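Engineer:
2 protein chains.
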Amino acid sequence: MSVSVQLENKTSEPVKASLQPLMDIVRQDLDSTNQIILDRMHSEVELIPTLARHLIAAGGKRLRPVLTLGSAKLCGYDGDRAQKLAACVEFIHTATLLHDDVVDESDLRRGNETANVLWGNQASVLVGDFLFSRSFQLMVEDGSLEVLRILSTASAVIAEGEVQQLMNVGDVNVTEENYLQVIASKTAALFAAACEVGAVVADRSPEEAAALRNYGNDLGIAFQLIDDALDYSAEQAALGKTIGDDFREGKVTLPILLAYQRGDADERAFWTRVIEAEQQDGDLDHAMTLLARHNALGDTFARARDYGNSAKKSLDIFPDSPVKAALIGAIDFAIERAY
Amino acid sequence: MSVSVQLENKTSEPVKASLQPLMDIVRQDLDSTNQIILDRMHSEVELIPTLARHLIAAGGKRLRPVLTLGSAKLCGYDGDRAQKLAACVEFIHTATLLHDDVVDESDLRRGNETANVLWGNQASVLVGDFLFSRSFQLMVEDGSLEVLRILSTASAVIAEGEVQQLMNVGDVNVTEENYLQVIASKTAALFAAACEVGAVVADRSPEEAAALRNYGNDLGIAFQLIDDALDYSAEQAALGKTIGDDFREGKVTLPILLAYQRGDADERAFWTRVIEAEQQDGDLDHAMTLLARHNALGDTFARARDYGNSAKKSLDIFPDSPVKAALIGAIDFAIERAY
Numbered sequence: 001m002s003v004s005v006q007l008e009n010k011t012s013e014p015v016k017a018s019l020q021p022l023m024d025i026v027r028q029d030l031d032s033t034n035q036i037i038l039d040r041m042h043s044e045v046e047l048i049p050t051l052a053r054h055l056i057a058a059g060g061k062r063l064r065p066v067l068t069l070g071s072a073k074l075c076g077y078d079g080d081r082a083q084k085l086a087a088c089v090e091f092i093h094t095a096t097l098l099h100d101d102v103v104d105e106s107d108l109r110r111g112n113e114t115a116n117v118l119w120g121n122q123a124s125v126l127v128g129d130f131l132f133s134r135s136f137q138l139m140v141e142d143g144s145l146e147v148l149r150i151l152s153t154a155s156a157v158i159a160e161g162e163v164q165q166l167m168n169v170g171d172v173n174v175t176e177e178n179y180l181q182v183i184a185s186k187t188a189a190l191f192a193a194a195c196e197v198g199a200v201v202a203d204r205s206p207e208e209a210a211a212l213r214n215y216g217n218d219l220g221i222a223f224q225l226i227d228d229a230l231d232y233s234a235e236q237a238a239l240g241k242t243i244g245d246d247f248r249e250g251k252v253t254l255p256i257l258l259a260y261q262r263g264d265a266d267e268r269a270f271w272t273r274v275i276e277a278e279q280q281d282g283d284l285d286h287a288m289t290l291l292a293r294h295n296a297l298g299d300t301f302a303r304a305r306d307y308g309n310s311a312k313k314s315l316d317i318f319p320d321s322p323v324k325a326a327l328i329g330a331i332d333f334a335i336e337r338a339y
Numbered sequence: 001m002s003v004s005v006q007l008e009n010k011t012s013e014p015v016k017a018s019l020q021p022l023m024d025i026v027r028q029d030l031d032s033t034n035q036i037i038l039d040r041m042h043s044e045v046e047l048i049p050t051l052a053r054h055l056i057a058a059g060g061k062r063l064r065p066v067l068t069l070g071s072a073k074l075c076g077y078d079g080d081r082a083q084k085l086a087a088c089v090e091f092i093h094t095a096t097l098l099h100d101d102v103v104d105e106s107d108l109r110r111g112n113e114t115a116n117v118l119w120g121n122q123a124s125v126l127v128g129d130f131l132f133s134r135s136f137q138l139m140v141e142d143g144s145l146e147v148l149r150i151l152s153t154a155s156a157v158i159a160e161g162e163v164q165q166l167m168n169v170g171d172v173n174v175t176e177e178n179y180l181q182v183i184a185s186k187t188a189a190l191f192a193a194a195c196e197v198g199a200v201v202a203d204r205s206p207e208e209a210a211a212l213r214n215y216g217n218d219l220g221i222a223f224q225l226i227d228d229a230l231d232y233s234a235e236q237a238a239l240g241k242t243i244g245d246d247f248r249e250g251k252v253t254l255p256i257l258l259a260y261q262r263g264d265a266d267e268r269a270f271w272t273r274v275i276e277a278e279q280q281d282g283d284l285d286h287a288m289t290l291l292a293r294h295n296a297l298g299d300t301f302a303r304a305r306d307y308g309n310s311a312k313k314s315l316d317i318f319p320d321s322p323v324k325a326a327l328i329g330a331i332d333f334a335i336e337r338a339y
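So, in structure tokens, the structure goes:
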């Protein structure tokens, strides 16, 4: 319990402050992106915009499109293509969220009932398919085969990561390597692609595109590590999510991996039972106690900071500028959510 | 009951004969397409090829890729791009089948248990996403923005059709216009795109591309009309499908639309109850009796023949040739399934 107390009361202020410079820099472009999103999620089939609006228009930070816009700005791009491509990135992200709702049977996201709960599995799948297709239509309108290559590859990798995660459920012997591969695929691939697209649209060198890709990748891994830790720590209200979702689903994330590795025979028997067999009342509390005993959350945060530092280093080839500082701020934002 | 007796014993021979010339003409290309499909559905994540193979390698007629290959041949195309693009078309089709399994909760497809029953909703959704993404990766490799436009648009339209169909479930007052819009979107859009791609890859005129697109569209509508009729008529063994799936799901297809329109007050009350409220033992038998009484299946077949004739007409701008005759044979195949 100490863990959750330790982490609360610290979510709102520093979080906003660290992301604010980037949000300010891309503000106008983001307004255009939001307008494109609203315009292009339209369909004569009413349920599509209704359901899409439930996720998209509900807000959220638009972190991925903001990274596309910020990366383009870092590369000196000043046209309007990035706005449209940022919308493509958000459509892909939203499609994966909709399909995730089917996958995770999670009850709450962003504090609302999920689309799945409100409209059913079938609608979530199909509206996700629509947004995914619409994203590719927008990319075709833009006309860059390189962007199409980057985002179609990211989409395939995301699906691979999600399937691998599904195969790992209920297996307490998942390796750290396998876990890292999953989060690199399911989460970091889209962050990496979102940032790389910013360099491509600005027609910058392969080295700069690779640097932004690496920045996005490491930021994405850090982001997911924090997410996986928060599932055992923050208040539902702060997160808009039920605590212990991963635990109840038998999803083996880094905190559990670490606690399992460091646990004695009794503790390992506990983890094996709750992950591979069945759970009882009080198991989540006991799991939190074990995570605290082995500093599993603290070490997960530390790992996230390592990836954050690596993300920062990737930006070294770019000269210092307000945009660069703002992109570094986005790393801080991803990590500070934990404190 | 008379309907189902009337239709059995007639499925195999004429069906094969009418499609055989087209299969023969594209045989070599189709072998290459099949190899591309097998190669490119590979992933390090084992469940992906396992599950994809369940649908893809199980065979099926490959009707859509065959149409791409045949359309390209009709346009005099002799390169190998069509083989890869035919694989893209099949990947999109397979992705929609996987997502349909989630949608329809159908128990049988092609006589096997569905992927959904074997591996669950989540795997069906995610492997569908993978194949969909992989399809776009292949199109990017091919490098034609026009092909990307055609198939991304078709994918969006398919999703719209499926969502509209979902909204129509349980509503006995669905109009014929709405029903036709649904099948044009969910089925005919991919047939149309598959054929149009054949003209695009051969770099033919917009008129020829439009002609093949119309051919595919009308063939697709005919195909779906027959499918919807067969759900009330053929033997499960012959179809690889449970009879009455649509009925049990409350899906209002043309046969029911016609029977409802032509029914008296008692009959309409029956349809309203079984579609909008609840079903009891014996309802399917009674539904079949009402369909027979109003010749609802016969008129659905007739409608399919009309679309088939329209599909044939679209090919008028092409000079007579064995390929053209074979493409006309594919229309006959789609329709003769009913007899």
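Keeping their order, the protein sequence lines are chains D and E.
Just so we're aligned: 265 in the UniProt record's numbering is position 265 of the first sequence, and the numbers increase by one with no gaps anywhere.
Just so we're aligned: 228 in the UniProt record's numbering is position 228 of the second sequence, and the numbers increase by one with no gaps anywhere.
Note that the Cβ used here is the ideal one computed from N, Cα and C, for glycine as well.
On a predicted model such as this, the values are computed, not experimentally measured, just so you know.
1. Counting contacts by CB-CB distance shorter than 8 Å, is residue 81 of chain E in contact with chain D?
2. By DSSP, does residue 41 of chain D sit in helix, in strand, or in coil?
3. What does residue 156 of chain E touch in chain D if you count any residue whose Cβ is under 7 Å from its own?
4. Within 10 angstroms of its Cβ, does residue 269 of chain E collect 16 or more other Cβ (buried), or is it exposed?
5. Does DSSP classify residue 46 of chain D as helix, strand or coil?
6. Beta-carbon separation of residue 230 of chain D and residue 259 of chain D under 8 Å?
7. Output the boundary residues of the alpha helix (DSSP H) element that contains residue 260 of chain E.
8. Let's test the definition: count the other Cβ atoms within 10 Å of the Cβ of residue 33 of chain E and tell me whether it reaches 16, buried, or not, exposed.
9. Let me make sure I understand the geometry here. Which of E:100, E:315, E:202 and E:321 has the alpha-carbon closest to that of residue 146 of chain E?
10. What are the residues of the region 23-44 of chain D that lie near chain E, defined by any Cβ-Cβ distance shorter than 8 Å?
11. Can you give me the Cβ contacts of residue 215 of chain E inside the same chain, cut-off strictly under 6 Å, excluding the 5 residues immediately before and after it?
12. So residue 190 of chain D is in the alpha helix (DSSP H); what residue range does that whole segment cover?
13. Run down chain D in chain order and give the residues with a C-beta less than 7 Å from the C-beta of residue 48 of chain E.
14. Determine the closest residue to residue 212 of chain E out of E:36, E:43 and E:69, with distance taken between C-alpha atoms.
15. Are at least three pairs of beta-carbons, each pair with one atom in the region 166-180 of chain E and one in the region 271-281 of chain E, less than 8 Å apart?
16. Just to make sure I have the definition right: I need the residues of chain D whose C-beta is within less than 8 Å of the C-beta of residue 123 of chain E. Which are they?
17. So is residue 253 of chain D in contact with chain E if we call contact Cβ pairs under 8 Å?
18. I'd like to know if residue 294 of chain E contacts chain D, where contact means its C-beta is closer than 8 Å to some C-beta of that chain.
19. Check whether the region 182-189 of chain D and the region 132-146 of chain D are in contact - that is, three or more C-beta pairs closer than 8 Å.
20. Locate the alpha helix (DSSP H) running through residue 65 of chain D, then write down its first and last residues.
21. How far does the alpha helix (DSSP H) with residue 153 of chain D in it extend, from its first residue to its last?
22. Starting from residue 272 of chain D, follow the alpha helix (DSSP H) in both directions and report where the run begins and ends.
23. Using C-beta distances below 7 Å, list every residue in its chain close to residue 76 of chain E, excluding the 5 sequence neighbours before and after it, in chain order.
24. Can the beta-carbon of residue 317 of chain D be found closer than 8 Å to that of residue 141 of chain D?
25. Could you tell me whether the region 177-184 of chain D touches the region 157-169 of chain D, where touching means 3 or more Cβ pairs closer than 8 Å?
26. If contact is defined by three or more beta carbon pairs under 8 Å, each pair taking one atom from either stretch, is the region 120-128 of chain D in contact with the region 84-100 of chain D?
27. Kindly indicate if chain D contains any beta-carbon less than 8 Å away from that of residue 187 of chain E.
28. Could you spell out where the alpha helix (DSSP H) holding residue 140 of chain E opens and where it closes?
29. Please report how far the alpha carbon of residue 210 of chain E lies from the alpha carbon of residue 30 of chain D, in whole angstroms.
30. Taking 8 Å as the threshold (beta carbon to beta carbon), is residue 364 of chain E in contact with chain D?
31. Beta-carbon of residue 153 of chain E versus every beta-carbon of chain D: anything under 8 Å?
32. Residue 197 of chain D and residue 158 of chain D: beta carbons closer than 8 Å?
33. Between which residues of its own chain and residue 303 of chain E is the CB-CB distance below 6 Å, once the five residues before and five after are set aside?
34. Near residue 104 of chain E, which residues of its chain fall below 6 Å by C-beta distance, leaving aside the five closest residues on each side in sequence?
35. Spatial neighbours of residue 256 of chain D within its chain, please: CB distance less than 6 Å, with the 5 preceding and 5 following residues excluded, ordered by chain position.
Structural biologist: Let me lay it out:
1. No Cβ of chain D is located within less than 8 Å of the beta carbon of residue 81 of chain E.
2. Residue 41 of chain D carries a coil assignment under DSSP once its states are collapsed to helix, strand and coil.
3. Simply 130, 133, 134 and 137.
4. It counts as exposed.
5. In the three-state scheme derived from DSSP, where H, G and I count as helix and E and B as strand, residue 46 of chain D is classed as coil.
6. Not a contact, by the Cβ cut-off of 8 Å.
7. Taken as a continuous stretch (DSSP letters only), the alpha helix (DSSP H) holding residue 260 of chain E covers 254-262.
8. So residue 33 of chain E ends up on the buried side.
9. The shortest C-alpha separation from residue 146 of chain E is found at E:202.
10. Hits within the stretch, in order: 43 and 44.
11. Excluding five sequence positions before and after residue 215 of chain E, the CB atoms of its chain that fall closer than 6 Å to its own CB belong to 195, 311, 314 and 315, given in chain order.
12. For residue 190 of chain D, the enclosing alpha helix (DSSP H) begins and ends at 189-201.
13. Ordered by position in chain D, the residues that pass the 7 Å Cβ test against residue 48 of chain E are 160 and 163.
14. When only C-alpha atoms are compared, the closest one is E:69.
15. With a cut-off of 8 Å, the region 271-281 of chain E and the region 166-180 of chain E count as touching, because enough Cβ pairs lie within range.
16. Going along chain D in sequence order, the residues near residue 123 of chain E (Cβ under 8 Å) are 163 and 166.
17. No, residue 253 of chain D does not count as interfacial toward chain E.
18. No, residue 294 of chain E lies away from the interface with chain D (no Cβ there is under 8 Å from its Cβ).
19. Touching, no.
20. Residues 63-74.
21. Here the alpha helix (DSSP H) through residue 153 of chain D covers 145-168.
22. It spans 265-272 - the alpha helix (DSSP H) in which residue 272 of chain D sits, taken as one unbroken run.
23. Taken in chain order, the residues that qualify are 202.
24. The answer is no: Cβ separation not under 8 Å.
25. With a cut-off of 8 Å on Cβ pairs, the region 177-184 of chain D is in contact with the region 157-169 of chain D, counting three or more such pairs.
26. Note that the region 84-100 of chain D touches the region 120-128 of chain D; at least 3 beta-carbon pairs, one per stretch, sit closer than 8 Å.
27. False, the Cβ-Cβ gap to chain D never drops below 8 Å.
28. Run containing residue 140 of chain E: 121-142, per the alpha helix (DSSP H) assignment.
29. One C-alpha to the other measures close to 38 Å.
30. The requested residue 364 of chain E is not part of the displayed model; chain E covers only 1 to 339.
31. Yes, residue 153 of chain E lies at the interface with chain D (some Cβ there is under 8 Å from its Cβ).
32. Residue 158 of chain D is positioned such that its CB atom lies no closer than 8 Å to that of residue 197 of chain D.
33. Same-chain partners within the cutoff: 225.
34. In this prediction, residue 104 of chain E scores a pLDDT of 44, lower than 50, which makes its location untrustworthy; no coordinate-derived value is stated.
35. The answer is none, since no qualifying residue turns up.
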